[in-house]
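Residue numbers (the numbering used here), protein chains in the order written: chain A, 36 to 148; chain B, 9 to 125.
First the structure, in the form of structure tokens, and then the observations on it.
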Amino acid sequence: AQTVTQSQPEMSVQEAETVTLSCTYDTSENNYYLFWYKQPPSRQMILVIRQEAYKQQNATENRFSVNFQKAAKSFSLKISDSQLGDTAMYFCASMNRDDKIIFGKGTRLHILP
Amino acid sequence: GAGVSQSPRYKVAKRGQDVALRCDPISGHVSLFWYQQALGQGPEFLTYFQNEAQLDKSGLPSDRFFAERPEGSVSTLKIQRTQQEDSAVYLCASSTRTGQIGNNEQFFGPGTRLTVL
Chain A
36 AQTVTQSQPE
46 MSVQEAETVT
56 LSCTYDTSEN
66 NYYLFWYKQP
76 PSRQMILVIR
86 QEAYKQQNAT
96 ENRFSVNFQK
106 AAKSFSLKIS
116 DSQLGDTAMY
126 FCASMNRDDK
136 IIFGKGTRLH
146 ILP
Chain B
9 GAGVSQSPRY
19 KVAKRGQDVA
29 LRCDPISGHV
39 SLFWYQQALG
49 QGPEFLTYFQ
59 NEAQLDKSGL
69 PSDRFFAERP
79 EGSVSTLKIQ
89 RTQQEDSAVY
99 LCASSTRTGQ
109 IGNNEQFFGP
119 GTRLTVL
């Protein structure tokens, strides 16, 4: 069975700082995808970044990047130059070939002015 | 270019009432998913459709939960005899299906917040 664990329920950082959100996962599959989703108070789940397990290169999307450690089953999200609009819940998630997304419990991120 | 829409956005029900939650996926999306998100938790998978076929309903918590997608587009999640523990946000997502894992990005709707009193 797939599991996703986020050990940081809540974090706060100052605007313009860099913050790293942690995530570990477990799966018996060889081929899978990992995701970070952002959920602002509007509840709209927005895909931030995704990583294909068979790719060694860490994914990046503008200010967002991941540190994917496959052997350790670790998948952290780094947000550089954080902005007030980054304030939201962030969910780490995994997906096997059954297309079913398994989410972690989330990290509530506050960006302080 | 509308995204996934869900209605109603908010629903208050008395315990024991039946409710129906609607999801309009992105036009042309083959796959449709329902998730349940309890307060302070991550979403949990409920059920999955490919066109009109319900391929996986392993996440439905009880036989009071029923989902359908009769014409392969709009889907309805029905909850019979609602209980307080059914209070949650119900998220719908849709995706194209290329047959390749991970190419099927799921686009989420805004959810329906159900409160059972």
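We put the beta carbon where it would ideally sit given N, CA and C, even for glycine.
For Gln49/A, three-class secondary structure by DSSP: Walking along the first sequence from the start, residue 49/A turns up at place 14. Residue state, collapsed to three classes: strand.
Endpoints, the beta strand (DSSP E) within which Ile34/B is located: Taking the first residue of the second sequence as position 1, residue 34/B is located at position 26. Segment: none, Ile34/B is in no beta strand (DSSP E) and carries neither H nor E.
Cutoff 6 Å; reference Thr53/A; Cβ partners in own chain excluding five residues on either side:
Residue 53/A sits at position 18 when you count from the first residue of the first sequence. Here the set comprises Ser115.
Exercise. Listing by chain order, which chain A residues have their CB less than 7 Å from the CB of Val97/B?
Worked result: Mapped onto the second sequence, residue 97/B falls at position 89. Under the 7 Å cutoff, chain A gives Arg78.
**Prompt:** Around the C-beta of Gly11/B, are 16 or more other C-beta atoms found within 10 angstroms, so that it is buried, or is it exposed?
**Reply:** In the second sequence, counting from the first residue as 1, residue 11/B sits at position 3. Per the 10 Å Cβ criterion, exposed.
Where does the unbroken beta strand (DSSP E) through Glu64/A begin, and where does it stop? Looking up residue 64/A in the first sequence gives position 29. Element bounds for Glu64/A: n/a, residue is neither H nor E.
If you pair each beta-carbon of the stretch 77-97 of chain B with each one of the stretch 15-34 of chain B, do three or more pairs fall below 8 Å? yes
| query | How many angstroms separate the CA atom of Lys90/A from the CA atom of Asn112/B? | reply | For the purposes of this step, residue 90/A is taken as residue 55 along the first sequence, with counting starting at 1. For the purposes of this step, residue 112/B is taken as residue 104 along the second sequence, with counting starting at 1. Cα to Cα, the separation comes out at about 17 Å.
Notebook entry, point to check: The beta strand (DSSP E) spanning Arg121/B covers which residue range?
Noted result: For the purposes of this step, residue 121/B is identified with residue 113 of the second sequence, where counting begins at 1. Following the DSSP letters along the chain, one finds Arg121/B inside the beta strand (DSSP E) bounded by residues 120-124.
### Task
Tell me whether Gln88/B sits in a helix, a strand or coil according to DSSP, three-state version.
For the purposes of this step, residue 88/B is identified with residue 80 of the second sequence, where counting begins at 1. DSSP places Gln88/B in coil when its eight states are reduced to three.
Let me see if you follow: with CB-CB separation under 8 Å, is Leu112/A close to chain B or not? Along the first sequence, read from residue 1 onward, the residue named residue 112/A stands at position 77. So, not an interface residue.
**OP:** At 9 Å on the CB atoms, spell out the chain A contacts of Glu60/B, in chain order.
**Re:** Here residue 60/B refers to the residue found at position 52 when the second sequence is read from its first residue. Correct list: empty, because the minimum Cβ distance to chain A is about 17 Å.
Problem - Own chain, CB closer than 7 Å to Gly67/B, minus 5 neighbours either side, in chain order - result: The residue given as residue 67/B occupies position 59 in the second sequence. Cβ within range, chain order: Glu52, Phe53, Leu54, Thr55.
*Looking at the unbroken beta strand (DSSP E) that takes in Tyr89/A, where does it start and where does it end?*
Position 54 of the first sequence, counted from the first residue, corresponds to residue 89/A. That residue, Tyr89/A, is in no beta strand (DSSP E); it is neither H nor E in DSSP.
List the residues of chain A that Ser13/B touches, going by C-beta distances under 9 Å, in chain order.
Position 5 of the second sequence holds residue 13/B. Per Cβ cutoff of 9 Å: no residues; Ser13/B is ~11 Å from chain A at best.
### Task
Look up Arg30/B in the DSSP assignment and give the residues it is bridged to.
To locate residue 30/B, count along the second sequence from 1; it is residue 22. According to DSSP, which records beta bridges pairwise, Arg30/B is partnered with Ser15/B, Thr84/B.
When the Cα atoms are used, what is the spatial distance from Gly120/A to Ile146/A?
Mapped onto the first sequence, residue 120/A falls at position 85. Mapped onto the first sequence, residue 146/A falls at position 111. One C-alpha to the other measures close to 8 Å.
inquiry  = Using only the alpha-carbon positions, how far apart do Leu112/A and Asn65/A sit?
reply    = Within the first sequence, residue 112/A is the residue found at index 77, counting from 1. Within the first sequence, residue 65/A is the residue found at index 30, counting from 1. So the alpha carbons of these two residues sit roughly 22 Å apart.
Next on the checklist: Quick check on the DSSP output: the beta strand (DSSP E) that includes Glu52/B runs from which residue to which?
Outcome noted: Residue numbering aside, residue 52/B sits at position 44 when the second sequence is read from its first letter. Segment 52-58, the beta strand (DSSP E) holding Glu52/B.
| query | Counting only beta-carbon atoms, is Phe57/B nearer than 8 Å to chain A? | reply | Position 49 of the second sequence, counted from the first residue, corresponds to residue 57/B. No, Phe57/B lies away from the interface with chain A (no Cβ there is under 8 Å from its Cβ).
*CB contact below 8 Å: Lys135/A versus chain B*: Residue numbering aside, residue 135/A sits at position 100 when the first sequence is read from its first letter. For Lys135/A, the answer is yes, since a Cβ of chain B falls inside 8 Å of its Cβ.
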